[in-house]
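Structure first, then comments.
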Amino acid sequence: MTSLPLPPEIATQLAALSPTQLAWLSGYCWAQSQGVAQTVAFSENFSADAAPARRITILSASQTGNARRVASDLLIKLETSGLDVRLIGAADFKSKNLPEEDILLLVTSTQGEGEPPEEAVPLYKFLFGKKAPDLSKLSFAVLGLGDTSYPNFCQAGKDFDNQLSKLGAKRLAERVDCDLDYDTQANAWIEQISTTISELCRQNTANNAPQSSTSQTHSPPAQLYTKEQPFTASLSVRQKITARTAEKDVEHIEIDLSGSGIRYKAGDALGIWPVNNSTLVDEILSLHQLNGSETVKLPSGSETDIRNALTHHADITQNTPALVTQYALLSNDEVLKQTVENAEALDVYLAATPPVGVFSDHPNPLDAETLFNLFRPQTPRLYSIASCQEEVGEEVHLTVGVVRFEHHGHSYTGAASGFLGNTLAEGDTVRVFVEPNPHFRLPENGGTPIIMIGAGTGVAPFRAFMQQREANGDTGKNWLIFGNQKFTDDFLYQSEWLQYRKNGLLSRADLAWSRQGSEKVYVQHKLATAAEEIWSWLQEGAHIYVCGDASRMARDVENTLLDIIATQGNMDQDDAEEYLNNLREEKRYQRDVY
């Protein structure tokens, strides 16, 4: 058999493409082989019936990359249908131009407690602000991505969908809300949208001259290894960086990427495919009286034994309303049924009880197939990268807070944090991929001052930033505002920060300790105390970066920033919000929150 006339790196990239992407590429290559000069343009003789007269804009509002992937698949589908379409990341979209759009297709995730992803915040504020425009000439459709284990499921998608309609826009299709296993629903939505828009364009362009497709994308370059096709790396270093007496266990992780060709930038995230703890798998199997060899069918259609399925293919650490509801029905357990019927009681139960706890508290052995189908598919976890590649070469560093919890005297860990910080030994393998984060980047001008605000493991990307600034020889001032529980136990990377301070790279450091004394001090308190200096740095063109918890820390920091802007800039609340939103649109206020 003759080998393919392709270099290995191209073959690897082809293997990572989805069926839709392969179909588009096949047509592209055919056109090239036929001598077509511009594959994105239609022939002058192309029929007028298929020539689109309405511009279609796909907006991708992504937090972890999933919305971006779905939007890319939608772009390819519409392009193959001969439609005039462009894909733009929400951060690059000018909200004020929205009334000029013809068709808007929004794919959005949800973060925090129902908020839109960071890159879509300016659009969200614009639509809900006092200057929201009349959108009666716009047609739209929304696909929301979320997680049913959290309250306010797909809330950002719901908010965008409702507000666009309130402003007069016409809904092309009903909104679709997708859970973590979104592929089937998303693909069906893509097919529906393609059919609807193709028909709409044919109806509206019967008398128009042919147009060329001018699709454009503003998305990160393709990665050699992806979520679907990760690289098998190895753990080279795991080191605890909190004190033995610390309440939290934070591990510094170094992963060897040798031979992968993987490139990343400061601000990017690393995706980790966790392998579930074997002790936990054994406990679940025992509770259901299974020996582990029973056969189950995976979502892909292939078969494997239940032990392998629970180890590699199921999320067995995180409880969900669906799991408890289904198990209550299967077990016919009256106590569980009552819990499910009370939303508040269910939330409390979910927060305190892992899936294994549900099974042990309410025993009812299930067959292997039924048990496996209770769980959601395993998904990768993203960690902010804590290193700069110019500094560490073919390595990537992470800062991992190991999630630990107990139930009836049994200790458990989070899926990925326990895998990285507890299960893996040096030399063991781990499947990884880079998830680009173009909306958390250092200023292009190395002379620009930056203010870095983070709590706990939120300091990770700032370690990467400092390494990058040093490697570049950047001259801009650097200010760190960092918070954790105790100075003696939880000053992450203390020696490195002290060295940066000593050599002058770190211009200023303000530290907040919430458990150090009688008074709890958080990063927002340090921010407020330095209000005059913060405002002065902003007037010098400083960029502000926030990393950490979205629901508490990041929200409190934003409220404090608004107070500083209002007070120091002599503005009312509305003007302060507009000022901060302008900073966000100028990429001078960036957040990496979770």
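The numbering of the sequence shown is UniProt numbering, which starts it at 1 and goes up by one.
Glycine is no exception: its CB is placed at the ideal position from the N, C-alpha and C atoms.
| query | result |
| --- | --- |
| Leaving out the 5 sequence neighbours to the left and right, which residues in its chain are closer than 6 Å to Lys240 when beta-carbon positions are compared? | Glu251 |
| Could you tell me whether the region 444 to 453 touches the region 462 to 478, where touching means 3 or more Cβ pairs closer than 8 Å? | yes |
| Enumerated in chain order, which unbroken segments of the beta strand (DSSP E) with a length of 3 residues or greater are wholly contained in the region 283 to 365? | 295 to 297 and 303 to 305 |
| Less than 8 Å between the beta carbons of Thr108 and Ile88, yes or no? | no |
| Since Asn559 is in the beta strand (DSSP E), which residue starts that stretch and which ends it? | No beta strand (DSSP E) contains Asn559, which is instead part of the alpha helix (DSSP H) from Met553 to Gln568. |
| Determine the DSSP secondary structure at Asn478, reduced to helix, strand or coil. | strand |
| By DSSP's criteria, Gly548 is part of a beta bridge. Which residues make up the other side? | Val593 |
| Taking the CB atoms as reference points, tell me whether residue 621 and Leu74 lie closer together than 8 Å. | No answer is possible for residue 621: the residues shown for the chain start at 1 and end at 594. |
| Would you report the Cα separation of His543 and Glu369, rounded to the nearest angstrom? | 52 Å |
| Work out the CA separation of Leu442 and Asn582 for me, nearest whole Å. | 18 Å |
| In the DSSP output, what is His252 paired with across the bridge? | Gln239 and Thr399 |
| Using DSSP with H/G/I as helix, E/B as strand and the rest coil, what is Gly483? | strand |
| Compute the distance between the beta-carbons of Asn484 and Leu505, then report whether it is under 8 Å. | no |
| If you follow the beta strand (DSSP E) that Val432 is in, where does it begin and where does it stop? | Thr429 to Glu435 |
| Using 8 Å as the threshold, is the C-beta distance between Glu435 and Gly271 below it? | yes |
| Give me the Cβ distance between Ala550 and Val593, rounded to the nearest whole Å; I'm assuming they're in contact under 8 Å. | 4 Å |
| Helix, strand or coil: how does DSSP classify Asn582 here? | helix |
| Quick check: what's the CA-CA separation for Glu578 versus Gln524? | 20 Å |
| Going by DSSP, name the residue or residues bridged to Gly65. | BP columns for Gly65 are empty, so no partner. |
| Among all the DSSP beta bridges, which residues are the ones paired with Thr57? | Arg86 and Leu104 |
| I'd like to check one pair, Tyr264 with Val396: are the Cβ atoms closer than 8 Å? | yes |
| Taking the Cβ atom as the reference point for each residue, do Leu127 and Leu167 lie within a distance shorter than 8 Å? | yes |
| What separation, rounded to the nearest whole angstrom, lies between the Cα atoms of Leu145 and Ala67? | 7 Å |
| Run through DSSP, which three-state label would Thr110 get? | coil |
| From this set, Phe465, Asn503, Ala415 and His407, which residue's C-alpha is nearest Gln389's C-alpha? | Phe465 |
| With DSSP collapsed to three states, give me the class of Arg508. | strand |
| Between the beta-carbon of His313 and the beta-carbon of Leu336, is there less than 8 Å? | no |
| Would you say Ser384 and His362 are within 8 Å of each other, going by their C-beta atoms? | no |
| Alpha helix (DSSP H) containing Ser417: first to last residue? | Ala415 to Gly418 |
| Once the 5 residues before and after residue 595 are set aside, which same chain residues still bring their CB inside 6 Å of it? | The structure shown has nothing for residue 595, since the chain only spans 1 to 594. |
| Does DSSP classify His525 as helix, strand or coil? | helix |
| Who are the Cβ neighbours of His288 in its own chain at under 6 Å, not counting the five residues just before and after it? | Pro365, Leu366 and Leu371 |
| Check Val176 in the structure and name its three-state DSSP category. | strand |
| Could you check whether Gly157 and Val142 sit closer than 8 Å to each other, using their CB atoms as the reference points? | yes |
| Buried or exposed for Ser62, please, with buried defined as at least 16 other CB atoms from any protein chain shown within 10 angstroms of its CB. | buried |
| Grouping DSSP H, G and I as helix and E and B as strand, with all else coil, what is residue 596? | Outside the displayed span of the chain (1 to 594) sits residue 596, for which this structure offers no information. |
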